[in-house]
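Trainee: Sequential numbering of the sequence shown, starting at -18, is according to the working numbering.
We put the CB at the ideal spot given by N, CA and C, even for glycine.
Everything numeric in this text was worked out from a predicted model, so none of it was measured.
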Amino acid sequence: MDSPIDEIKKKLDLVEFISSYITLKKLGRNFKANCPFHNEKTPSFVVSPERQIWHCFGSCGEGGDIVKFLMKWENITFFEALKELAKKAGITLKNSNLEDSTWKKKERFFNMNRLAAEFFQYVLNKTKFGKKGEEYLKDRQIKPSIIEKFMLGYSPSSWDSLRLFLKKKNFSDQEMHENGLLVLTDSARYYDRFRGRLMFPLCDARDHILGFSGRSLEDNVKEAKYINTPETPIYHKRETLFGINLARESIKKEKNVFLVEGEFDMITPYQNGFSNFVAIKGSAVTSEQLMLLKRYTEKLTLALDADEAGNEAVKRGIDEAERLEFEINVIKFDFAKDPDEAVRKDLVAFKKAISKPIHIYDFLIDLALKKHPADDPFNKKKVGDEVLPYIAKINNSIVKSHYLKKISALLDVTEYSLETLIKKINRSKNIQSFYKPTANNKKNEKREDILEKYVLSSIFQSENAYKINEIIFSIIDPSDLSIPSHKKIVSIFIEKKELFKNGFNINLFVTFLSPELRAIFDEIYLFASSDLIVSNENLEKLAFELKRFSLKRQMNQILNEENDEKEKNKKLLLITEELKEVEKKLISL
Ligand SMILES: [Zn+2]
């Protein structure tokens, strides 16, 4: 009897499945793409149709099967992913022993938040304590149906009403605290975090309530206007976008998303039929938010507040968005301070403004020109200083050249002078990144380890693994490899190689490996796809290089051995001779 995972894998093809999320390109026996789980420009995400596995050789280093892919993509637990895949494959999951404790805890926290939201809704709609919230929403012209849809509520000005409510539903103080609903004092007393506030549930794209944002309606200057759920096992500020659960489908359909700052900048347009708006909740767009949006659209339109801080936020968002290759536009309302006010003030003007977005670089140029009117040479320099660093980062050369032309015309200077400046900017940037410690731990991997993986990968990926193996292992011996698991895999291959004389059957080969070795083999197998495929001559050279590493290791070992000197020298002499031969080969190849 197959396990549910095996059944799912029989029904759903990994390449087809991943292709429904990102674009895969065929490369040799495998498929490649830019990794969807970290920022990158050169693809290091590899998928194997034969093995039904994927692996990222970039900085995130993630990898696994179809279940793991969905877990990462949707940011869900193993059990959630399994449930969804089973549904897709038309399989019924019978055994409840698959449930895992992480998911159970998450599900319990989601439920706790849903009950809390219902409690806040009740207070707002059905009690006198919610009067203030009701009046505020009426003032903002928010319709009852929208209040219902967003599950807006009100937290009473009490220290323990939510706590007592949830206690009756069998939640402990510790759980409520861990889920961010209670605050713990130094004297070990718990009290409600949200008191006397208009409550906005914060949802993920799948409608789970992750946490809350509470807006104070008091004119009390002592308190923060907004307080949010702190980081919890389910709420992560950097990954949250207010309204994504309601806007997701529309963003996909419109192929565009409007990014706004606050909750009402999302709610008010939504009420008026503009449903592809989400709020970043603050003034900075995070890379996590952009990665999330990248799943639905390639186009971003920033509709942030029309003030200095909003302009700064636009600039900060560019780097990240350009790296993820978004097309970025900006909306400016000259008649209102933010989208919420714009809709309420003049719906026609609002519609007109959002139908005419300005391209981000035009926006930056306008902004700089307003600040420094280009009528004297020093102001021209200031405009250049402000704008060119952004132009320098544009990936597409046609777009870049368009803006260089535009700036040269506006400032009345030659394009050549601008290009010189751009070169200078890029040079200093390269120097900076050269000295910056790299976050990419793969790059710190020793060359000999990389070589080993690469050579082994090339054997197993080639059409004729048997032949390539003969070539490589006439130069080196399995014992020349430095990583024990690599030695084992190779010796198993050599032991079984006659089976593969007429072609390499990878799925047969893995049956000879233990589960631990299988995981290592899968990573090795995909490794060569992460780089250019090398030809046989190159492989020979790499094998000799591995031999050199091995001989040097042996020399070190002998030098550290406590042996009699004569014996030592004899051994060293032999290795030195061998090393000379290897060096000769390396030069001749
Ligand atoms: Zn990655």
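1) Might you give, ordered along the chain, the residues of its own chain that have their beta carbon closer than 8 Å to the beta carbon of Ser414, omitting 5 neighbours on each side?
2) Taking Leu133 as the reference, give the member of Leu183, Asp141, Ser153 with the closest Cα.
3) I need the boundaries of the alpha helix (DSSP H) containing Tyr251, first residue and last residue.
4) Rounding to the nearest angstrom, what Cα-Cα distance links Phe12 and Lys6 in this structure?
5) Helix, strand or coil for Phe239 per DSSP?
6) Cβ of Gly39 versus every heavy atom of ligand 1: is any distance shorter than 7 Å?
7) Measuring straight from C-alpha to C-alpha, what distance separates Ser139 and Lys107?
8) For Ile(-1) and Ile72, which I take to be in contact (beta-carbon distance under 8 Å), what is that distance rounded to the nearest angstrom?
9) Could you tell me if the beta carbon of Phe18 falls within a distance shorter than 7 Å of some heavy atom in ligand 1?
10) Would you grab the beta carbon distance between Arg196 and Lys203 for me? Rounded to a whole angstrom, and I think it's under 8 Å.
11) In the DSSP output, what is Val311 paired with across the bridge?
12) Where does Trp54 sit, in a helix, a strand or coil, going by DSSP?
13) Going straight from the alpha carbon of Leu273 to that of Val238, what length do you get?
14) Is there at least one non-hydrogen atom of ligand 1 closer than 7 Å to the beta-carbon of Glu577?
15) Going by the C-beta, is Glu306 closer than 7 Å to any heavy atom of ligand 1?
16) On the criterion of 16 or more Cβ atoms from any shown chain inside 10 Å, does Tyr384 qualify as buried, or is it exposed?
17) Going by other Cβ atoms of all chains shown within 10 Å of its Cβ, with 16 needed for buried, is Thr23 buried or exposed?
18) Consult DSSP for Asn450 and reduce its assignment to one of helix, strand or coil.
19) Is Tyr342 buried or exposed, if buried means 16 or more other CB atoms sit within 10 Å of its CB?
20) Roughly how many angstroms separate the alpha carbons of Lys361 and Ala349, rounded to a whole number?
21) Ligand 1 heavy atoms versus the CB of Phe26: any closer than 7 Å?
22) What does the alpha-carbon distance come out to for the pair Lys424 and Glu55?
23) Could you tell me whether the region 527 to 542 touches the region 560 to 568, using the rule of 3 or more Cβ pairs below 8 Å?
24) Can Glu504 be considered in contact with ligand 1, in the sense that its beta carbon sits closer than 7 Å to one or more heavy atoms?
25) With DSSP as the reference, please indicate the residues paired to Lys6 in a beta bridge.
26) Cα separation between Ala390 and Pro370?
Mentor: Taking the coordinates as given:
1) Reading the sequence shown from its first residue, position 433 is the one you call residue 414. The predicted position of Ser414 is uncertain, since its pLDDT is 43 and thus under 50; a value taken from the coordinates is nonetheless stated next. Excluding sequence neighbours, Ser414 sits near nothing in its chain.
2) Residue 133 sits at position 152 when you count from the first residue of the sequence shown. The shortest Cα separation from Leu133 among Leu183, Asp141, Ser153 belongs to Leu183.
3) If you number the sequence shown from 1, residue 251 lands on position 270. Per DSSP, Tyr251 belongs to the alpha helix (DSSP H) from 244 to 252.
4) Your numbering for residue 12 matches position 31 in the sequence shown. Your numbering for residue 6 matches position 25 in the sequence shown. For Phe12 and Lys6, the distance between alpha carbons rounds to 5 Å.
5) As a working note, residue 239 is residue 258 in the sequence shown. Strand.
6) Along the sequence shown, one-based indexing puts residue 39 at 58. Yes, the beta carbon of Gly39 sits closer than 7 Å to at least one heavy atom of ligand 1.
7) Within the sequence shown, numbered from 1, the residue matching residue 139 stands at position 158. Within the sequence shown, numbered from 1, the residue matching residue 107 stands at position 126. Cα to Cα, the separation comes out at about 17 Å.
8) As a first step, residue -1 is located in the sequence shown; it is residue number 18 there, counting from the start. As a first step, residue 72 is located in the sequence shown; it is residue number 91 there, counting from the start. No, Ile(-1) and Ile72 are not in contact; Cβ-Cβ is about 20 Å, not under 8 Å.
9) Start at 1 with the first residue of the sequence shown, and residue 18 comes out as number 37. For ligand 1, at least one heavy atom lies less than 7 Å from the Cβ of Phe18.
10) Position 215 of the sequence shown, counted from the first residue, corresponds to residue 196. Position 222 of the sequence shown, counted from the first residue, corresponds to residue 203. Not confirmed; about 15 Å, so no contact.
11) On the sequence shown, position 330 is the one that residue 311 refers to. Note: Val311 sits in a beta bridge opposite Leu283, Ile339.
12) The count along the sequence shown starts at 1 and reaches residue 54 at position 73. In this structure, Trp54 counts as helix in the three-state DSSP scheme.
13) Mapped onto the sequence shown, residue 273 falls at position 292. Mapped onto the sequence shown, residue 238 falls at position 257. Leu273 and Val238 have their C-alpha atoms roughly 12 Å apart.
14) Residue numbering for the chain in the displayed model covers -18 to 570; residue 577 lies beyond these limits and cannot be assessed.
15) Position 325 of the sequence shown, counted from the first residue, corresponds to residue 306. The answer is no for Glu306.
16) As a first step, residue 384 must be located in the sequence shown, where it is residue number 403. When all chains shown are included, Tyr384 counts as buried.
17) To locate residue 23, count along the sequence shown from 1; it is residue 42. So Thr23 ends up on the exposed side.
18) Taking the first residue of the sequence shown as 1, we reach residue 450 at position 469. Reduced to three states, the DSSP call for Asn450 is helix.
19) Locating residue 342 in the sequence shown gives position 361, counting from the first residue. Buried, because 16 or more other Cβ atoms sit within 10 Å of the Cβ of Tyr342.
20) Stepping through the sequence shown from its first residue, residue 361 is reached at position 380. Stepping through the sequence shown from its first residue, residue 349 is reached at position 368. Answer to the nearest angstrom: the Cα atoms are 10 Å apart.
21) Against the sequence shown, residue 26 aligns to sequence position 45. At least one heavy atom of ligand 1 is nearer than 7 Å to the Cβ of Phe26, so yes.
22) Taking the sequence shown and counting its residues from 1, the one referred to as residue 424 is at position 443. Taking the sequence shown and counting its residues from 1, the one referred to as residue 55 is at position 74. Unreliable positioning characterises Lys424 in this predicted model, as indicated by a pLDDT of 48, which lies under 50. A coordinate reading is not provided.
23) yes
24) Here residue 504 refers to the residue found at position 523 of the sequence shown. Not one heavy atom of ligand 1 lies closer than 7 Å to the C-beta of Glu504.
25) On the sequence shown, position 25 is the one that residue 6 refers to. In DSSP, Lys6 forms a bridge with Lys13.
26) Within the sequence shown, the letter at position 409 stands for residue 390. Within the sequence shown, the letter at position 389 stands for residue 370. Between Ala390 and Pro370, the C-alpha separation is close to 18 Å.
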